[in-house]
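Comments concern the structure below.
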Amino acid sequence: MPLTQLIVLAIIQGLTEFLPISSSGHLALVDELTGWADQGVLIDVAIHVGSLFAVLIYFRRDVAELVAGSFSLLRGEMTQAGRLALYLVAASIPIFVIGFAVVNAGLVDGLRAAATIAWANMIFALLLYWSDKAGGTTRKLEDMTWGQAMLIGIVQIAAIVPGASRSGVTMMMARFLDFDRREAARFSMLLAIPTILGAGAAATLELAQTADVTLQGDAVLAAVLSFVAALASIAIFMRLLEKISLTPFVIYRVVLGAALLGWLYLA
385 MPLTQLIVLA
395 IIQGLTEFLP
405 ISSSGHLALV
415 DELTGWADQG
425 VLIDVAIHVG
435 SLFAVLIYFR
445 RDVAELVAGS
455 FSLLRGEMTQ
465 AGRLALYLVA
475 ASIPIFVIGF
485 AVVNAGLVDG
495 LRAAATIAWA
505 NMIFALLLYW
515 SDKAGGTTRK
525 LEDMTWGQAM
535 LIGIVQIAAI
545 VPGASRSGVT
555 MMMARFLDFD
565 RREAARFSML
575 LAIPTILGAG
585 AAATLELAQT
595 ADVTLQGDAV
605 LAAVLSFVAA
615 LASIAIFMRL
625 LEKISLTPFV
635 IYRVVLGAAL
645 LGWLYLA
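In our numbering, the protein residues as written are 385 to 651.
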């Protein structure tokens, strides 16, 4: 794979994965606009694994508490961190089930069309705006219930459509449920861990078994670049949420969607 393509894809993935602007939509558009050959599943997963490590590092205290809470559950003790760990696992089940069905049905490629990305960006951006304006800021993750966790997990299914944005739809539902912006973003990012971990473990095993040294090197480089970009993106985003609403991200997505539709139908 050309080094330029590898760098561009890794940086775009790292910067957009945890922002409410759809990383899958941006990656699909790169392929659409540049005509580059598909990078392959292993490289795609590698850049996701890089962004996963960024979440683990940034939220290392949360992750340590989740691990401790999980061990407490094994001893029969229900702690606050253990309950959150259960919420994250349960909320991940819907997208695992539906995602598996979509992949097996061969529907993935059909969802990557530029028009789909454009409309998904605009529709879900407006829903995000509505939730951010209508939602309160009274709830923290400590207040979360099973029903709220499952609602967030169910809407995460929409992320299968490039342009909808996994982080965007999960933050949208959390804001509708009156979680403040930072807590909504925190749960959304922690919710990414089970999903990326599952795909990453399978891809890492496959990569270790391949004799293609070049592919292995490309995957490692892609993961490192994605990690650096994602860590910077998360830190800046969490700090911005102390000062601004989600409106700038909504505006960006609406403009992007409108520009894509103009390019498709007016050019």
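The beta carbon of each residue, even a glycine, is placed where N, CA and C say it ideally should be.
Secondary structure in the segment 495-529: the alpha helix (DSSP H) runs of 4 residues or longer, each lying completely within the stretch, are 498-518 in chain order. Nearest neighbour of Gln540 by Cα position, chosen from Ser572, Leu525 and Thr529, turns out to be Ser572. With a 10 Å radius around the Cβ and a threshold of 16 neighbouring Cβ atoms, Phe484 comes out exposed.
Contact between Ala438 and Leu581 is absent: CB atoms are separated by about 13 Å, not below the 8 Å threshold. In the DSSP annotation of this structure, Ser406 is not part of any alpha helix (DSSP H), being labelled neither H nor E. Phe563 carries a strand assignment under DSSP once its states are collapsed to helix, strand and coil. Classified as buried, Gln532 has 16 or more neighbouring CB atoms from the shown chains inside 10 Å of its CB.
Look at the beta carbons and you see the segment 548-560 not touching the segment 601-610: under three pairs across the two are nearer than 8 Å. Relative to the Cα of Phe611, the nearest Cα in the group Leu413, Ser549 and Tyr442 belongs to Tyr442. In the three-state DSSP reduction, Phe621 falls in the helix class (H, G or I). If the five residues before and after Leu645 are omitted, its C-beta is found closer than 6 Å to the C-beta atoms of Ala502, all from its own chain and listed in chain order. Taking the Cα of Arg550 as reference, the smallest distance to any Cα among Ser456, Gly494 and Ala569 is reached at Ala569. The alpha carbon of Met385 has as its nearest neighbour, out of Arg565, Ala412 and Asp428, the alpha carbon of Asp428. One thing to note: Gly466 has its Cβ within 8 Å of the Cβ of Ser456. Collapsing the DSSP output to three states places Leu650 in coil. Setting aside the 5 residues that flank it on each side, Asn505 is surrounded in the same chain by Ser406, Gly409, Gly547, Arg637, Leu640 and Gly641, each with a C-beta closer than 7 Å to its C-beta; the list follows chain order. Closest option to Glu416, judged by alpha-carbon separation, among Ala543, Leu495, Val481 and Ser617: Leu495.
Nearest to Phe621 by alpha-carbon distance, out of Arg565, Gln464 and Val545, is Arg565. Selection Ala394, Glu401, Val392 and Leu470 evaluated against Ile618 yields Glu401 as nearest (Cα-Cα). DSSP places Glu449 in the uninterrupted alpha helix (DSSP H) bounded by Arg444 to Leu458. With respect to the 8 Å criterion, Ile479 and Leu609 are not classified as neighbours on the basis of their beta carbons.
Annotation for Val545: no alpha helix (DSSP H) segment contains it, and DSSP assigns it neither H nor E. Of the candidates Leu411, Thr631 and Ser629, Leu411 places its Cα closest to the Cα of Asp493.
In this structure, Leu512 is the residue among Leu512, Leu390, Val447 and Ala474 with its C-alpha nearest to the C-alpha of Thr554. Taking Ala643 as reference, the option from Trp420, Trp530, Tyr471 and Ala498 with the minimal CA-CA separation is Ala498.
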